[in-house]
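**Q** Going left to right, the sequence shown walks through residues 1 to 407 as full-length UniProt numbering numbers them. Let me begin by handing over the structure; questions about it come next.
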Amino acid sequence: AMAQNGTIENGLARNACPPPLPQPVKIPEIKHTKIFINNEWHTSIKGKKFPTINPATGVKICDVEEADKADVDEAVRAARAAGQRGSEWRRMDASSRGRLLHRLADLLERERAVLAAGFPPGVVNIVPGFGPTAGAAIASHMNIDKVAFTGSTEVGQLIKAAAAKSNLKRVTLELGGKNPCIVFADSDLQSAVEETQKGAFFNQGQACTAASRIYVEEPVYDEFVRLSVERAKNIAIGDPLEPQTSHGPQIDQHQFDKILELVDSGKKEGAMLECGGCAVEDRGLFIHPTIFSDVKDHMRIAKEEIFGPVQCIMKFKTQEEVINRANSSQYGLTAAVFTRDIHRAMSVSAALEAGTVWVNCYNALHAQAPFGGYKMSGNGRELGEYALAEYTEVKAITMKLSEQLTL
């Protein structure tokens, strides 16, 4: 049972939740809420809209046009026309296409209201909607050749099945993660605390790369927990539109409730709640940064992707033991190793079943480094030269040279 001051009666909590937050700032005006097809803004064919809610305040920001299968069909027709033989986009060489993409990136970074980058009509289409309607239409469409999806493992499985049942379209999936960090006793402990917390609490834990399982070698375990709790208590929680804020709200009510349910399971299963573990009173969908210690591998918080600001800290004794425990998850997206021993760093990194392994850092992403997961974390890669193969087709042309063929 949770007492009003945030502690647990007859349980394992050491920290009371801080007081409510100050009032957030006003919501900015959103100018573009329509469907974008053929370089033009459109209303949905069925005239449907859906509200977008600010999770910091519960106030509606705007209404967005809701696309469904009919709107997806229109976007596909426009894209097919833009890519047919003889079209402006088809005649454009790779360097010119690259310059357009760089121009679009520059405009986005400068937050331009009108992103007139110069793409031919139909090349870029924006179709806002929901998974069971717009998403399902895309996954099963006979005239879409490739789908790239980032999201849950369950939805990724549905997309791959729909792709197989339709036109066998190629699919790149970047799915869930339960990412382990291994902190050895010889590491820079303060740096390891900072990096793992940035990984755990970035975007309020709503990231596929969230550092949610922290394995700490026994000699430095207690100190690591102490430093982690001390740092977590000083994280600035508030409205994302305030410049001093580093920790905002969860995305919606469903995710908010799911996180708190999993936090409650951790308490019931016997993990030690070191800090957080509750919502911010009287203010939006905020959850305090939460740390559990003495977590066991069989607990739900150690196995399930929480997608919230929850860090689970566990103790280990030997290198072989921690590698086996880290690899015991159904996921294999990212991992991290903290040590001053380069030989240990290389051997442990090679043994970990993860598509990306960071050494003495976290969430260090680069355009030239491929990103993607093992096991139930998906397949295919984004970024790097490997990503180019995901978006291109290989063609072999064999030619017999004879006297009749003029060179």
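Glycine is no exception: its CB is placed at the ideal position from the N, C-alpha and C atoms. These numbers were taken from a predicted model, which means no experiment stands behind them.
Have a look at V322 and I182 and give me their C-alpha separation to the nearest angstrom.
**A** Those two C-alpha atoms are separated by around 8 Å.
**Q** Between the Cα of F119 and those of A139, I397, S96, C208, spot the shortest distance and give me the residue it belongs to.
**A** For the residues A139, I397, S96, C208, the minimum Cα distance to F119 belongs to S96.
**Q** Can the beta-carbon of Q197 be found less than 8 Å from the beta-carbon of R231?
**A** Yes, they are a contact pair.
**Q** Cβ atoms of G177 and S349: under 8 Å apart, would you say?
**A** Going by C-beta atoms, S349 is not nearer than 8 Å to G177.
**Q** If you reduce the DSSP assignment to three classes, tell me which class A364 lands in.
**A** In the structure shown, A364 sits in coil (DSSP, three-state: anything other than H, G, I, E or B).
**Q** From L262 to I144, what distance separates their C-alpha atoms?
**A** Cα to Cα, L262 sits roughly 38 Å from I144.
**Q** What residue range is occupied by the uninterrupted beta strand (DSSP E) comprising S293?
**A** That run of the beta strand (DSSP E) goes 290–293.
**Q** Measuring only the C-alpha atoms, how far is V229 from V127?
**A** Whole-angstrom Cα-Cα distance: 43 Å.
**Q** If F292 and I306 are in contact, beta carbons under 8 Å, what's the gap, nearest whole angstrom?
**A** Actually they do not touch by this definition, with Cβ atoms about 11 Å apart.
**Q** Sorted by chain position, which residues of the same chain lie with C-beta nearer than 8 Å to V25's C-beta, five sequence neighbours on each side aside?
**A** Here V25 scores only 49 on pLDDT, less than 50, and its place in the model should not be relied on; the value that follows carries that caveat. The residues are D239, L241, E242.
**Q** In this structure, does DSSP put residue 441 in helix, strand or coil?
**A** Outside the shown range of the chain (1 to 407) lies residue 441, about which nothing can therefore be said.
**Q** What residue range is occupied by the uninterrupted alpha helix (DSSP H) comprising M346?
**A** Unbroken alpha helix (DSSP H) run through M346: 342–351.
**Q** With three or more beta-carbon pairs closer than 8 Å as the criterion, would you say the stretch 278–287 touches the stretch 322–339?
**A** The stretch 278–287, when compared against the stretch 322–339, does not touch it at the 8 Å Cβ threshold.
**Q** Kindly indicate the opening and closing residues of the alpha helix (DSSP H) around Y391.
**A** No alpha helix (DSSP H) contains Y391, which DSSP labels as neither H nor E.
**Q** When DSSP labels each residue in this structure, what does R213 get in the three-state scheme?
**A** In this structure, R213 counts as strand in the three-state DSSP scheme.
**Q** Assign M299 to buried or exposed, taking buried as 16 or more other Cβ atoms, counted over all protein chains shown, within 10 Å of its Cβ.
**A** With 16 or more Cβ atoms within 10 Å of its Cβ, M299 is classed as buried.
**Q** Between which residues of its own chain and N179 is the CB-CB distance below 8 Å, once the five residues before and five after are set aside?
**A** Counting only Cβ-Cβ distances below 8 Å, and skipping sequence neighbours, we find G199, T209, A210, A211, S212, R213, Y331, L333, T334, A335, A336, A354.
**Q** Name the two residues that bound the continuous beta strand (DSSP E) containing T153.
**A** Where T153 is concerned, there is no enclosing beta strand (DSSP E), although the alpha helix (DSSP H) it sits in stretches over 153–165.
**Q** Counting Cβ pairs, one atom from each stretch, are 3 or more of them under 8 Å apart for the stretch 311–326 and the stretch 139–157?
**A** No, because fewer than three Cβ pairs between the stretch 311–326 and the stretch 139–157 fall closer than 8 Å, the two stretches do not touch.
**Q** Is the distance from the Cβ of G284 to the Cβ of G58 below 8 Å?
**A** A contact, by the Cβ cut-off of 8 Å.
**Q** So A78 and G122 are supposed to be a Cβ contact under 8 Å. How far apart are they, rounded?
**A** Confirmed, Cβ separation roughly 4 Å.
**Q** If the criterion is Cβ atoms closer than 8 Å, does the pair D252 and P55 meet it?
**A** Yes, the pair counts as a contact, with Cβ atoms nearer than the cut-off.
**Q** Return no unless some Cβ of chain D is closer than 8 Å to the Cβ of K60.
**A** In the displayed structure, chain D is absent; only one protein chain is listed.
**Q** For D188, which residues from the same chain have a beta carbon less than 8 Å from its beta carbon, with the 5 sequence-adjacent residues on both sides left out?
**A** So the list reads F338, R340, N360, once near-sequence residues are dropped.
**Q** Within 10 Å of its beta-carbon, does Y391 have 16 or more other beta-carbons around it, so buried, or fewer, so exposed?
**A** Its Cβ having fewer than 16 others within 10 Å, Y391 is exposed.
**Q** I259 and I287 look like a contact to me (Cβ under 8 Å); what is the Cβ gap, rounded to whole Å?
**A** With a Cβ gap of about 6 Å, I259 and I287 count as contacting.
**Q** Below 6 Å CB to CB, which residues in the same chain sit around Q368 once its five sequence neighbours on both sides are set aside?
**A** Taken in chain order, the residues that qualify are G384.
**Q** Looking at the structure shown, is P180 part of a helix, part of a strand, or coil, going by DSSP?
**A** Here P180 sits in strand by DSSP.
**Q** Compute the Euclidean distance between the alpha carbons of Q84 and R91, then round it to the nearest angstrom.
**A** The straight-line gap from Cα to Cα measures roughly 10 Å.
**Q** Within the stretch 255–315, note down every full alpha helix (DSSP H) run reaching 4 residues or more, in order along the chain.
**A** Counting only runs of 4 or more, we get 300–303.
**Q** Secondary structure at residue 408, three-state DSSP: helix, strand or coil?
**A** Limits of the chain in this structure are 1 at one end and 407 at the other, which puts residue 408 out of reach.
**Q** Which one of V64, W89, S166 has the shortest CA to CA distance from F130?
**A** Selected option, being the one with the closest Cα: V64.
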